[in-house]
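Residue numbers (our numbering): 237 to 591.
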Ligand code: SF4
């Protein structure tokens, strides 16, 4: 039975046409699924009883079950371990911030759900085949890709309780490993008649899958691109992000530069600072050289330490030193706000704790 969340606009219309239903039924169903976010066909009250019965008999709405949920002490980060139909689990995280770049600071940000920026971080795979040694997901191995509806359903899970302002596709998995699947989910999330999130409010983060960057450069949707770099040279990056052996920095940076030239959009480079591994001033200078002249910005991330990993986070003084080298070289640099360390919000950590 098809999960309706997997069907694109045409497929949903074709299905209903094959049942001799008028075309406007598809629009009604999309409204129920993505705007009302119902989980049951019986709730679709403006459909005929016959159509509701037929939908119940021959289709499903994928609703993952939250089998674990943790909340940070300040209540601003919530992580859900979501169980899919086949029993596999993925993680999705809701993060609340008061500092939305395009909205004023709230005077009273004391109530978590009144925060101006509500970002959900979602997964595209169960586990991850890239195998980065500092990452809990990478250490736990890879099981399968998600279907597009399973990606969308993580967003709907949190959207059922609070309106979301941003989506980052930065959870478990490499989103460009199956570009078409990720893009189909993005199309549903940005379609004004479906979930309706602005494309510029969505960021997709790749570990360096060059063909995906090339494909994204040709897409019309103005989704943001982030690249997880984590090292300024091939020798170290081969170790930290093993996909580098397939797409070394020369190829990756060429693809990123071509993406910028084609789209005129700024690329974010994510760099997780690891104590004495990738955080000395020479490495910062090498990074600045690599990014010289690019329309980009660097997001320095304090590493989420995982129990079984030898990689530790860089002390704050060295983080500042690293950031200064970059800003002195005119590279726009931000330090990612630390979210949810105490609830194991680093990707794969909650899932690992459950297995
Ligand atoms: S850091 Fe990202 S790409 Fe690397 S193993 Fe973890 S989920 Fe996969």
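We put the beta carbon where it would ideally sit given N, CA and C, even for glycine.
Query                                                                                                                                                                                               : Result
Does the segment 260–268 come close enough to the segment 415–422 to have 3 or more Cβ pairs within less than 8 Å?                                                                                  : no
Which ranges would you report for the alpha helix (DSSP H) in the segment 496–572 if only whole runs of at least 4 residues count?                                                                  : 517–526, 552–564
Mind checking whether residue 536 and residue 567 have CB atoms under 7 Å apart?                                                                                                                    : no
What does the Cβ neighbour count give for residue 271, buried or exposed, with the cut at 16 atoms within 10 Å?                                                                                     : exposed
Answer yes if the segment 428–440 comes into contact with the segment 458–470, meaning at least three C-beta pairs across the two stretches below 8 Å, and no otherwise.                            : yes
Return yes when the C-beta of residue 537 is under 6 Å from any heavy atom of the ligand SF4, and no when it is not.                                                                                : no
What does DSSP give as the partner residue(s) for residue 251 in the beta ladder?                                                                                                                   : For residue 251, which the question treats as bridged, DSSP gives no partner whatsoever.
Go ahead and label residue 441 buried or exposed: buried means 16 or more other beta carbons lie within 10 angstroms of its beta carbon, across all protein chains shown.                           : buried
Helix, strand or coil for residue 378? Go by DSSP, reduced to three states.                                                                                                                         : strand
Residue 534 to residue 505, Cα distance in whole Å?                                                                                                                                                 : 5 Å
Please state if the CB of residue 411 and the CB of residue 401 are separated by a distance shorter than 7 Å.                                                                                       : no
Considering only heavy atoms of the ligand SF4, does any lie closer than 6 Å to the CB of residue 363?                                                                                              : no
Should residue 444 be counted as a contact of the ligand SF4 given a C-beta to heavy atom distance under 6 Å?                                                                                       : no
Do you know offhand how far residue 487's Cα is from residue 454's?                                                                                                                                 : 18 Å
Label residue 303 either buried or exposed according to how many other C-beta atoms from any shown protein chain fall within 10 Å of its C-beta, with 16 as the threshold for buried.               : exposed
Between residue 493 and the rest of its own chain, which residues show a CB-CB distance below 7 Å, the 5 nearest in sequence each way excluded?                                                     : 530
Starting from the C-beta of residue 339, find all residues in its chain whose C-beta is less than 7 Å away, skip the five residues before and the five after it, and write them out in chain order. : Summary for residue 339: the model assigns pLDDT 36, below 50, so the residue's position carries little reliability; its value from the coordinates is reported in the next sentence. Cβ neighbours of residue 339 beyond the five flanking positions: 352.
Going by beta-carbon coordinates alone, are residue 385 and residue 363 separated by less than 7 Å?                                                                                                 : no
Three-state secondary structure (DSSP) at residue 315?                                                                                                                                              : strand
Would you decide whether residue 311 is buried or exposed? Buried here means 16 or more other CB atoms lie within 10 Å of its CB.                                                                   : exposed
Only counting the same chain, and skipping five residues up and downstream in sequence, which positions put a Cβ closer than 6 Å to that of residue 519?                                            : 468
Would the beta-carbon of residue 327 be found less than 6 Å away from any heavy atom of the ligand SF4?                                                                                             : no
List the endpoints of the continuous alpha helix (DSSP H) containing residue 395.                                                                                                                   : 384–395
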